[in-house]
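What follows is a single structure, written as structure tokens, with notes after it.
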Amino acid sequence: MAGVKPIPPGLAEARRAAYNQMMTEREISPSPPPSWLTGQVLLAMPSLRDPRFAQGVIFICAHNEEGAMGLMLNRQLRKPKFGDLMQQLNVEPNPPQRELPMGQGGPVEDHRGFVLHSADWIGEGSLNVDGDHVLSASMDVLQAIARGEGPEKARLLLGYSGWGAGQLEDEIRQNSWLNVPADDAILFDANYQRKWQRGLAKLKIDPGMLSGDAGQA
Numbered sequence: 103m104a105g106v107k108p109i110p111p112g113l114a115e116a117r118r119a120a121y122n123q124m125m126t127e128r129e130i131s132p133s134p135p136p137s138w139l140t141g142q143v144l145l146a147m148p149s150l151r152d153p154r155f156a157q158g159v160i161f162i163c164a165h166n167e168e169g170a171m172g173l174m175l176n177r178q179l180r181k182p183k184f185g186d187l188m189q190q191l192n193v194e195p196n197p198p199q200r201e202l203p204m205g206q207g208g209p210v211e212d213h214r215g216f217v218l219h220s221a222d223w224i225g226e227g228s229l230n231v232d233g234d235h236v237l238s239a240s241m242d243v244l245q246a247i248a249r250g251e252g253p254e255k256a257r258l259l260l261g262y263s264g265w266g267a268g269q270l271e272d273e274i275r276q277n278s279w280l281n282v283p284a285d286d287a288i289l290f291d292a293n294y295q296r297k298w299q300r301g302l303a304k305l306k307i308d309p310g311m312l313s314g315d316a317g318q319a
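Position 181 of the sequence shown, counting from 1, maps to 283 under my numbering, and the rest follow consecutively.
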């Protein structure tokens with residue numbers, strides 16, 4: 103299977119510590135430290151010089167002392183189409199009874215597929231991020247969606263965004279990111295171009311007032 107690889111079993115009861123040795127599995131803490139940003143949305147500031155993340159909007163799926171993993175929400179993926187991908191993966195029925203919007207989740211392992219979805223459907227190996235939003239990367243969620251079933255709200259993202267230990271915290275101190283609580287409009291709305299502005303509006307920030315100098319807003 104070229105596009106989507108399953109999350110290893112046993113992560114349903116663990117806080118995902120994921121990929122590229124940035125994170126390791128850990129038990130979900132009922133009261134994570136307040137600095138952890140799991141379930142928050144990051145908004146890239148002008149001081150972030152990396153063009154891959156310009157005006158980026160990233161949902162943080164896991165954040166702990168080992169690092170962080172998130173999915174970019176406002177990078178549309180025009181190819182492959184969802185139906186074409188399901189055909190490549192031999193997911194039945196084909197064509198699928200339901201299609202998902204697709205996007206680029208980040209520059210890391212961009213061959214991996216992740217379904218970010220509402221918590222009304224949870225499969226084996228799914229990661230319940232914050233009680234309202236779930237991350238799945240196994241075939242069962244795609245099969246359910248192709249049958250017209252599965253979660254009410256969902257989107258498929260290829261690749262992810264990752265940080266090593268302390269890296270995200272350093273970038274926040276450098277005024278590279280703001281964070282806002284996640285909501286379904288930012289996560290699932292099909293208007294990719296308005297997600298960054300919508301996130302800033304939640305903070306009552308006028309984008310035109312932002313400065314690109316570190317330490318200034």
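Each residue gets a CB set at the ideal place from its N, CA and C atoms; glycine is no exception.
Here the structure is a predicted model, which means the values were calculated and not measured.
Cβ separation of residue i and residue j, assumed to be a contact under 8 Å, to the nearest whole Å
i      : j      : result
Tyr262 : Arg300 : Going by Cβ atoms, the distance from Tyr262 to Arg300 rounds to 22 Å, so no, they are not a contact pair.
Gln178 : Tyr294 : 5 Å
Leu145 : Trp279 : 7 Å
Ala239 : Phe216 : 5 Å
Pro153 : Leu312 : Not confirmed; about 17 Å, so no contact.
Trp223 : Pro253 : 4 Å
Per DSSP, cross-strand counterpart(s) of residue i
i      : result
Gln206 : Leu260
His235 : Ser220
Leu229 : Leu237
Gly215 : Leu260
Nonlocal neighbours in the same chain, by C-beta distance under 7 Å from residue i, ignoring five residues either side
i      : result
Val231 : Thr140, Gly141, Cys163 and Leu237
Ala292 : Pro203
Pro197 : Gly185
Leu305 : Leu280 and Val282
Lys255 : His219, Ser220, Asp286 and Phe290
Enclosing beta strand (DSSP E) for residue i [first to last residue]
i      : result
Gln190 : Per DSSP, Gln190 belongs to no beta strand (DSSP E); it is in the alpha helix (DSSP H), Phe184 to Gln190.
Phe290 : Careful: Phe290 lies outside any beta strand (DSSP E), inside the alpha helix (DSSP H) at Asp286 to Phe290.
Ile160 : Val159 to Asn166
Trp138 : Looking at the DSSP string, Trp138 is not in any beta strand (DSSP E), and its letter there is neither H nor E.
Gln142 : Gln142 to Ala146
Ala170 : Gly169 to Met174
First through last residue of the alpha helix (DSSP H) which encompasses residue i
i      : result
Gln269 : Gln269 to Arg275
Leu244 : Met241 to Ala248
Leu280 : Per DSSP, Leu280 belongs to no alpha helix (DSSP H); it is in the beta strand (DSSP E), Trp279 to Pro283.
Ala303 : Lys297 to Lys304
Sequence-distant residues of the same chain with beta carbon closer than 8 Å to residue i, five excluded per side
i      : result
Pro309 : Trp298, Gln299 and Leu302
Gln199 : Ala248, Arg249 and Gly250
Asp212 : Gln206, Leu260 and Gly261
His235 : Gly141, Phe161, Leu218, His219, Ser220, Ala221, Ala284 and Leu289
6 Å Cβ shell around residue i - same chain, five flanking residues per side excluded
i      : result
Gly208 : Met174, Gly261, Tyr262 and Ser263
Ala267 : Glu168 and Gly169
His165 : Trp138, Leu139 and Thr140
At a cut of 8 Å, does the region 187-195 reach the region 280-288 through at least three beta carbon pairs? no
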